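Input: a single structure, listed below in structure tokens.
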Amino acid sequence: MNIVKYSGFRLLVGSLILGGVFGWGGFVAMQDQVIEFYEQEPNYFSIYNTKEDLSLQKYLGNGQLLVDSTYVPIDLVAIDSDFTANKASRFLLRKEVAEKFADLAWHFWKDNKGDKLFITSTYRSAKFQESLLKKGCSRLKCAEVGSSEHQLGLAIDLGIMTKKGKYIALTKGSVYYKWLITKGADRGFHNSYQKGVDIDGQMEESRHRRYLGTDLAQILRDNNQSFAEWYAVQQTVLDDYLL
């Protein structure tokens with residue numbers, strides 16, 4: 311087990327001990343149970359930091375907001391790619407995400423015989439997000455300030471431009487969508503708004519891709535889960551072991 315990642319859980323439980331929720335002996339016994347559970351079901355216990363704004367796995371949705379509503383990532387860079395249909399350098403993402411997307415764009419172009427990804431949106435500031443809402447964008451279509459994955463610098467909205475110059479919206483079930491589900495996960499990208507308001511807290515957005523890192527994105531793809539579904543499972547498991 312990765313003790314460094316596990317230390318976050320120890321700190322959480324430690325705070326409950328100090329708060330008088332249960333004693334040290336109870337913690338030791340529960341710790342052994344959690345380690346055993348993790349070894350048996352590693353994909354169902356969160357070893358990711360879903361709370362801090364700077365985390366690549368920060369969860370936003372269903373009432374979970376940015377800690378700092380004015381958060382601006384410190385490592386935003388222009389996308390460096392010649393394999394998008396529009397000028398990639400006009401768009402900002404966090405450094406790791408931009409590099410992974412550039413690799414994704416090249417493979418998309420290669421595998422789809424010259425068709426290219428068309429970027430429609432990447433990083434959006436809190437101020438820009440607020441302006442969208444003031445212009446009348448529905449809350450179901452536009453996240454409230456402090457709850458947009460775009461503000462994290464981890465999200466990108468995409469369309470397709472064919473080699474013949476025809477723009478195609480990215481739609482669920484299309485060959486392009488299926489390619490991005492499979493190959494996107496191999497580079498850390500996930501369609502976090504794929505199952506509707508009741509599950510994901512947002513309307514379905516086939517064009518939307520959120521970077522989570524390769525390991526987690528592949529887990530979600532292989533289990534046919536959205537990020538929100540996975541997050542809910544983590545909270546349930548944690549509750550079961552803390553209560």
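Position in the sequence shown (from 1) plus 310 gives the number in our numbering. Where is the CB? At the ideal position from N, CA and C, for every residue including glycine. These numbers were taken from a predicted model, which means no experiment stands behind them.
- Within the model, the alpha-carbon separation for Y487 versus S516 is close to 7 Å.
- Closest by C-alpha distance to L386, out of L414, C452, S435, N422, is S435.
- The beta carbon of Y433 is closer than 7 Å to those of L386, L402, L403, H460, G463 in its chain, skipping five residues each way along the sequence.
- For the region 415 to 459, the continuous beta strand (DSSP E) assignments of 3+ residues that do not extend past its boundaries occur at 426 to 431, in sequence order.
- In the structure shown, the three-state DSSP call for G373 is coil.
- Under the three-state reduction of DSSP output, R520 falls in the strand class.
- Within the same chain, L364, R404, Y433, L462, G463 come within 8 Å of P383 by CB-CB distance, once the 5 residues on both sides are set aside.
- By DSSP's assignment, Y477 forms a beta bridge with M471.
- Note that the C-beta distance between G498 and G523 is below 8 Å.
- With respect to A395, M471 sits close: the two C-beta atoms are nearer than 8 Å.
- Residue burial is scored here from C-beta neighbours: D425 has at least 16 other C-beta atoms within 10 angstroms and is therefore classed as buried.
- The three-state reading of DSSP puts L386 in strand, counting E and B together.
- In the structure shown, R531 falls within a helical segment according to DSSP collapsed to helix, strand and coil.
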